[in-house]
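Written below as structure tokens is the structure these notes are about.
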Amino acid sequence: MSKHLGSVAAVFITALTVGAAAPAFAQRSGPQGESYASIATLPDWSGIWVRPWAEFEEENARRRDPANPNPPKLTAEGIKARDTFQITRSTAQSVADPAAGTCYTGQTAGVPGVMRFSFGIEFLFTPGRVTMLLEQGSTIRRIHTDGRPHTSDPEQSYVGESIGHWEGETLVIDTSAIETGVPLSPGIPSSGKMRIVERIRRVGPARIEIETVIEDPVMLREPWRYRATYERSTFGWFDRKCGNDRDGRDQEPDLTPPK
Amino acid sequence: MNPVNRLLAATAILGTLSGTAWAHHSYAMFDQTQTVTVQGMVHALEWTNPHIWVWVNVKDAKGVVTTYGFESNAPSELTRFFGWDKRSLTAGEAVTVDFAPLKSGRAGGALRTIRLADGRVLRTPRSNPEYQTGPPTAGAPGGVQK
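Taken in order, these protein sequences are the chains called L and G. Mapping to our numbering: the first sequence position 145 is 145, numbers consecutive. Mapping to our numbering: the second sequence position 61 is 61, numbers consecutive.
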């Protein structure tokens, strides 16, 4: 790990030790965006938001670093599931299954993974709802801010069921009902009982911060917290439709040159 | 089925999905500890998802031309973070290419940096030799703590 990366990680962890012990979720304050008039008073999150490359690169390096200061702290079940996944992945026959399709990278990573990529995110405000459009996997997240509670027996999905509210200029999102097996971190599947609280706010003219707290009573010994930042991109929206997958799941690439 | 077994079964089923949570794929077929350099003429730029491919015709000492294929990142990443666009390379241009070679020894690799005759330099994430993608190495990160 570079010195630079080490200092970044240290700041990262220092920041994460501040704050409540459990995901705070309750206090609606200020405009809730229940009408177009109310939406006009919400913060301006227009544009396309993308993680700074350096932060994305540092996060990847940190995840691979045995000295990673902020790994998800796994239960025994979590360790077993992670190791099983790694064995599955290292078995060439299983990961090269043609039935899985050749353009698997076009699939959504689901929540929370979809938030960690270096791809674009857009926020749309309509009455009673915030919608997030994500380039990765052409994912759509619907966040209901109309005061409704979570449903009693929701269908599981890759993005889960998201209920949000505004605390001043911070959007707080509580997500559950995420499909069993959707990774909570790369290579670590979630249990179907994962709950995620995200706090999203502008921290500068062209900068958004998302603080995420993940709980999973089967996989995690304690809540896993981290922060990510996103900057307003001056470029447009990029399609992620996958049309030229030459090496699929780490297969020897097709080296047939184009005409 | 108990909860853990159900989870493990789901893990196997969703194995392909889980792979998407890191950057696309692990690049395990490339030797990312190495950098090889070739000179040639641009054959084509495939400005495509999930990743772009750059194709370069390289002539050996005997005059035999081999078309090399170099994989890089997504068009969005190269545009937003590395200054590329779909017209960054033109067929017939002379280029010098640094890349991490295929372990198989075939003609291609993971693109690091392209230098053009007019002085332009096209960088990629792998211009940084320490940059790696892929899953955490077994047993390292991921939270094994006593």
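From the three backbone atoms N, C-alpha and C, an ideal C-beta is built for every residue, glycine too.
Asked                                                                                                                         : Found
Proximal residues, the stretch 69 to 101 of chain G versus chain L, C-beta separation under 9 Å                               : Gly69, Glu71, Asn73, Ala74, Pro75, Ser76, Glu77, Thr79, Arg80, Phe81, Phe82
Chain-ordered chain L contacts of Ser104 of chain G [CB-CB under 7 Å]                                                         : Glu252
8 Å Cβ cutoff, Asp44 of chain L in contact with chain G                                                                       : no
Beta-carbon spacing of Val54 of chain G, Leu78 of chain G below 8 Å                                                           : no
Span separating the alpha-carbon of Val42 of chain G from that of Glu135 of chain L                                           : 30 Å
Pairwise C-alpha distance: Glu57 of chain L and Asp239 of chain L                                                             : 22 Å
Partners in chain L for Thr231 of chain G, counting only beta-carbon separations shorter than 7 Å                             : Chain G is shown from 1 up to 146; residue 231 of chain G falls before or after that span and cannot be answered.
Inter-residue spacing [alpha-carbon to alpha-carbon] between Lys59 of chain G and Arg129 of chain L                           : 59 Å
Own chain, CB closer than 6 Å to Pro154 of chain L, minus 5 neighbours either side, in chain order                            : Glu161, Ala177
Reduced DSSP category for Ile210 of chain L - H, G, I as helix; E, B as strand; rest coil                                     : strand
Contact with chain L by Gly63 of chain G, beta-carbon distance below 8 Å                                                      : no
Those runs of the beta strand (DSSP E) which lie wholly inside the stretch 134 to 166 of chain L and span at least 3 residues : 139 to 144
Nearest-angstrom beta carbon gap, Lys73 of chain L and Glu222 of chain L [assumed within contact, 8 Å]                        : 5 Å
Nearest to Cys242 of chain L (by Cα), restricted to the options G:Ile114, G:Phe82, G:Ala107, G:Trp47                          : G:Trp47
is_contact[Arg260 of chain L, chain G] using C-beta, thresh 8 Å                                                               : This structure cannot speak to residue 260 of chain L, because chain L is shown only from 1 to 259.
For Ile196 of chain L, the nearest candidate out of L:Pro217, L:Pro205, L:Arg202, L:Ile208 (CA to CA)                         : L:Pro217
Reference Thr175 of chain L; option with closest CA among L:Ile143, L:Arg201, L:Asp254                                        : L:Ile143
At least 3 beta-carbon pairs within less than 8 Å: the stretch 30 to 38 of chain G vs the stretch 224 to 239 of chain L       : no
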